[in-house]
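Residue numbers (the numbering used here): 538 to 931. Beta carbons are placed, not taken as given, at the ideal position from N, Cα and C, and that holds for glycine. Source: prediction; values computed, not measured.
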Amino acid sequence: YGAKPIVDSANMTTPSSSSSSGDGKKNKAEPPLFPPFNPFVRHPTSLIGKIKMVVFGSFLVPIRIFGTIASLSSCLIWCKMCCSIWSNDVSKPYTRIHRKLVQGGCAITARLVLFFYGFTWIDVTYEIDDPIERQKEPYPSVIVVNHLGFAELLYLIWSDGCCFVSKDTNRKLPFIGKIAEALQSIFIDRAPEQEKDKNKDVSSSSSNYGTKERTTTDIILERAHSPPGTWPPLAVCPEGTTHTGNCLIRFATGAFRCGRPIQPVIVTSPFSPVHGYDTSFSCVNIFLHIIGLMTQPMNSLHVKHLAVYIPNDAEKSDPILYANNVRKKMANELDVKCYDLTWVDKLRFEPSEKSRELGRKKTAEKYGFVPPMPTFTQDAFGNPITNDDSSKDK
């Protein structure tokens, strides 16, 4: 539980892999190494930052809450209207006009919500500057993006009309759940009581998809191998959970099993440690975080579309190698390091006791024991710290 990064991750094992001892018994996985900073707990807001939140939030928050609710309500009505006219079965491809209308309405809403969340201006760049050269690139089967929160997801709805792979509990979010279903997103269930069937994830049409359950990978592969335009573009956050954005954690291989070209997109959201607000959505209540975003006069979002990554023969036959090489390219562009951390390692930093208890249970199952909490020696800006209350296992 030190600070050594994984530099060469080409031979990294998958989350479910384990080694075998000489007598044929499987050994538990080794606990991963952490960076010197906490990759899952947001940077604390300074006193000046809190005063700024109160001053600006007193008049910005009411306006932005109203604007957000009005935008999401209008979008939900629009999606329901489109589905009532054409088809309410989100498990099957929409007609072209149905898909375009749903994507168009959601794209406008996504940009409005970003505006009301304080992302008034989004800096967008491309690895290939020439738009004519970009058009010559192969059509990406999947878009992969590092996962800071929901700003990057709203951006991809606005820019590309994307649907997503999302945890099933997001269905219950007001407005968002139904809109995500209308966009034909794929939902996965990570609930503890479903652990034996955790890979039997169904798509967004839980009631209309049929009786046979399929894995999330099956659905991703179906989307990836379908002709362009059959489904909305699929965006995947292969890290599987949010973090502060100061490193990249382990990539799941589901999106890379298709063996087809993939579009990497990287996002950053810089802020001032003196008076700014950390916009990463990690280990924080969603509603309090949204209010925090709304108190800021302006939040920063920088997006860079990398060149479409075309896998070689070795990567096509080895999704782990493919995922690690894409992650390495994204990490190089972000100028961050890679760590072999997962959603399970994040759970013990969550604010709720229920999540922390689940984290202890899952780490014990994964490693054979509950590892000690790591000691962090610096914050995300590289400043030394003497102690980190967030590292205490409550």
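{"Check": "Please report the straight-line C-alpha distance between Thr605 and Lys841, rounded to a whole angstrom.", "Outcome": "26 Å"}
{"Check": "Could you work out which residue in Leu895, Glu890, Asn920, Arg885 is closest to Pro945 when comparing CA atoms only?", "Outcome": "For residue 945 there is no data in the structure shown, the boundaries of the chain being 538 and 931."}
{"Check": "Which residue or residues does DSSP assign as beta-bridge partners of Thr662?", "Outcome": "Lys841"}
{"Check": "From Pro576 to Ala917, what does the alpha carbon distance come to, in whole angstroms?", "Outcome": "8 Å"}
{"Check": "Quick check on DSSP: helix, strand or coil for Leu597?", "Outcome": "helix"}
{"Check": "So what's Pro668 in DSSP terms, helix, strand or just coil?", "Outcome": "helix"}
{"Check": "Please list the terminal residues of the continuous beta strand (DSSP E) segment that includes Lys874.", "Outcome": "From DSSP, Lys874 is part of no beta strand (DSSP E); its letter is neither H nor E."}
{"Check": "Got a sec, what are the start and stop residues for the alpha helix (DSSP H) Val639 sits in?", "Outcome": "633-653"}
{"Check": "Is the beta carbon of Leu685 less than 7 Å from the beta carbon of Cys700?", "Outcome": "no"}
{"Check": "For Thr900, report the span of its alpha helix (DSSP H) as first-last.", "Outcome": "890-904"}
{"Check": "Tell me, please, which residues DSSP counts as bridged to Phe724.", "Outcome": "Ser703"}
{"Check": "Pull up the CB-CB distance for Phe574 and Asn783, whole angstroms please, since I reckon it's below 8 Å.", "Outcome": "6 Å"}
{"Check": "Is it true that the CB of Ile799 sits closer than 7 Å to the CB of Pro677?", "Outcome": "yes"}
{"Check": "Which residue or residues does DSSP assign as beta-bridge partners of Ile680?", "Outcome": "Ala772, Gln800"}
{"Check": "Just to confirm the assignment, what range does the alpha helix (DSSP H) spanning Tyr692 have?", "Outcome": "688-697"}
{"Check": "Provide the residue(s) that pair with Gln915 in DSSP beta bridges, ordered along the chain.", "Outcome": "Pro921"}
{"Check": "Cys616 and Val639 look like a contact to me (Cβ under 8 Å); what is the Cβ gap, rounded to whole Å?", "Outcome": "6 Å"}
{"Check": "Contact between the stretch 662-674 and the stretch 834-853 is defined here as three or more beta-carbon pairs at a separation below 8 Å; is this criterion met?", "Outcome": "yes"}
{"Check": "Taking the C-alpha atoms as reference points, what is the distance between Pro801 and Glu674?", "Outcome": "13 Å"}
{"Check": "Can you tell me the Cα-Cα spacing of Gly559 and Gly796, whole angstroms?", "Outcome": "Reliability of the predicted coordinates at Gly559 is poor, the pLDDT of 43 falling under 50, and the value obtained from them is presented with this limitation in mind. Cα to Cα, the separation comes out at about 34 Å."}
{"Check": "Should the stretch 808-817 be regarded as contacting the stretch 626-641, the criterion being three or more beta carbon pairs within less than 8 Å?", "Outcome": "no"}
{"Check": "Would you check if the distance between the CB atom of Pro770 and the CB atom of Phe788 is smaller than 7 Å?", "Outcome": "no"}
{"Check": "Could you check the C-alpha separation between Tyr692 and Leu651 for me, to the nearest Å?", "Outcome": "8 Å"}
{"Check": "Who are Thr805's beta bridge partners in DSSP?", "Outcome": "His839"}
{"Check": "Would DSSP call Leu785 helix, strand or coil?", "Outcome": "strand"}
{"Check": "Could you give the residue range of the alpha helix (DSSP H) that holds Ser854?", "Outcome": "850-854"}
{"Check": "Consult DSSP for Tyr846 and reduce its assignment to one of helix, strand or coil.", "Outcome": "strand"}
{"Check": "If you run the structure through DSSP and keep just helix, strand and coil, what is Tyr814?", "Outcome": "coil"}
{"Check": "If you count every other CB in all the chains shown that lies within 10 Å of the CB of Thr753, and 16 or more means buried, which is it?", "Outcome": "buried"}
{"Check": "Give the range of the alpha helix (DSSP H) segment to which Met831 is assigned.", "Outcome": "823-831"}
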